[in-house]
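Colleague:
Residue numbers (our numbering): 1 to 249.
1. Output the residue ranges of the beta strand (DSSP E) runs that lie fully inside the stretch 40-105 and measure 3 residues or longer, sorted by chain position.
2. By the three-class DSSP mapping on this structure, what secondary structure does residue 227 have?
3. Please go through the same chain and pick out, in chain order, the residues whose beta-carbon is closer than 8 Å to the beta-carbon of residue 166, but skip the five residues on each side of it.
4. Quick one, are the C-beta atoms of residue 46 and residue 15 less than 9 Å apart?
5. Under a three-way DSSP split, which group does residue 164 fall into?
6. Is the beta carbon of residue 236 closer than 9 Å to that of residue 11?
7. What's the gap between the Cα of residue 186 and the Cα of residue 141?
8. Using the DSSP secondary-structure output, state which residues sit across from residue 10 in a beta bridge.
9. Could you tell me the distance, in whole angstroms, from the CA atom of residue 90 to the CA atom of residue 52?
10. Using 8 Å as the threshold, is the stretch 218-234 in touch with the stretch 169-183, meaning 3 or more CB pairs across them?
11. Looking only at its chain, what residues have a beta carbon closer than 8 Å to the beta carbon of residue 78, apart from the 5 residues adjacent to it on each side?
12. Measuring straight from C-alpha to C-alpha, what distance separates residue 151 and residue 204?
13. Which residues in the same chain as residue 27 place their Cβ atom closer than 6 Å to its Cβ, once the five residues preceding and following it in sequence are excluded?
14. Name the two residues that bound the continuous beta strand (DSSP E) containing residue 218.
15. How would you label residue 239, buried or exposed, when you count the other beta carbons within 10 angstroms and need 16 or more for buried?
16. Can you list, in chain order, the residues of its chain with a C-beta nearer than 8 Å to that of residue 81? Leave out the 5 residues immediately preceding and following it.
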């Protein structure tokens, strides 16, 4: 079945009030492919500004992270209900920069389940380090991350998941997996979903590529049968983000 192309923009710890408004103004005024779902993720500080500023019908706002427990004595954290209160319907979980800071596969799965139960959709991230790739363990690492997620989800939960495969060695480095490398892992993820979850989930789940995606490489990547879009980092802060969004035309 046809899966709707999806492009996420992870602003990471970047931006000011004015720069966030300028990025969104550019998206609002651009001729975006109407067949692409776009989700931007500014810092928590700027989420209210972003929600108020977005007028483009195909653009939504996401958090970069969420806490697995309800409101309470959790200093510095942000709950699912607080994100919903702001009008958000998305969050990212499991980005490698957070996994590197100590989040385990199980932590990420708990956050993802809490987000879904609270009414959010999730861009769930997975990926391997350079050492793991060079050791030939890429698929094993990603399957382990998937298994931890699947252990917490029920069948209907998968409807709220978008998977982002991000090879850690390609994030912010300027290196990018070749189209063949990216497609190979995306196909392996879909094969795992088919074997361990269901044919329907494998067919319907969108799998994004992330890792130094630019306007120069996005068109070739978008042509791959199992690449359903992108999770974009640094380039989402630049005007070329529009070109990446439109790369599937």
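Where is the CB? At the ideal position from N, CA and C, for every residue including glycine. None of the values given here were measured: they were computed from a predicted structure.
Modeller: Considering the structure as presented:
1. Note on the stretch 40-105: whole beta strand (DSSP E) runs with a minimum of 3 residues are 59-63 and 90-93, in chain order.
2. Along the chain shown, read from residue 1 onward, the residue named residue 227 stands at position 227. Coil, per DSSP.
3. In the chain shown, residue 166 corresponds to position 166, counting from 1. Excluding positions up to five away in sequence, the list reads 95, 96, 125, 126, 127, 209, 210, 211 and 231.
4. Position 46 of the chain shown, counted from the start, is the residue given in the question as residue 46. Position 15 of the chain shown, counted from the start, is the residue given in the question as residue 15. The Cβ atoms of residue 46 and residue 15 sit closer than 9 Å to each other.
5. The sequence position of residue 164 within the chain shown is 164, counting from 1. Strand at residue 164.
6. Counting from one through the chain shown, the residue named residue 11 turns up at place 11. Counting from one through the chain shown, the residue named residue 236 turns up at place 236. Between residue 11 and residue 236, the C-beta gap is smaller than 9 Å, which places the two residues in contact.
7. Taking the chain shown and counting its residues from 1, the one referred to as residue 186 is at position 186. Taking the chain shown and counting its residues from 1, the one referred to as residue 141 is at position 141. Approximately 13 Å between the Cα atoms of the pair.
8. Position 10 of the chain shown, counted from the start, is the residue given in the question as residue 10. 41, per the DSSP bridge assignment.
9. Counted from its first residue, the chain shown places residue 90 at position 90. Counted from its first residue, the chain shown places residue 52 at position 52. Whole-angstrom Cα-Cα distance: 15 Å.
10. The way I'd put it, the stretch 218-234 does touch the stretch 169-183; three or more beta-carbon pairs between them come closer than 8 Å.
11. Residue numbering aside, residue 78 sits at position 78 when the chain shown is read from its first letter. Answer for residue 78: 44, 63, 65, 66 and 67, listed in chain order.
12. Looking up residue 151 in the chain shown gives position 151. Looking up residue 204 in the chain shown gives position 204. Between residue 151 and residue 204, the C-alpha separation is close to 19 Å.
13. By 1-based counting over the chain shown, the position of residue 27 is 27. Cβ neighbours of residue 27 within its own chain (closer than 6 Å, five residues either side excluded): 56 and 59.
14. As a position in the chain shown, residue 218 is number 218, starting the count at 1. Careful: residue 218 lies outside any beta strand (DSSP E), inside the alpha helix (DSSP H) at 215-222.
15. Walking along the chain shown from the start, residue 239 turns up at place 239. Looking at its Cβ environment, which holds fewer than 16 other Cβ atoms inside 10 Å, residue 239 is exposed.
16. Reading the chain shown from its first residue, position 81 is the one you call residue 81. The beta carbon of residue 81 lies closer than 8 Å to those of 70, 71 and 118 in the same chain, with the five residues before and after it left out.
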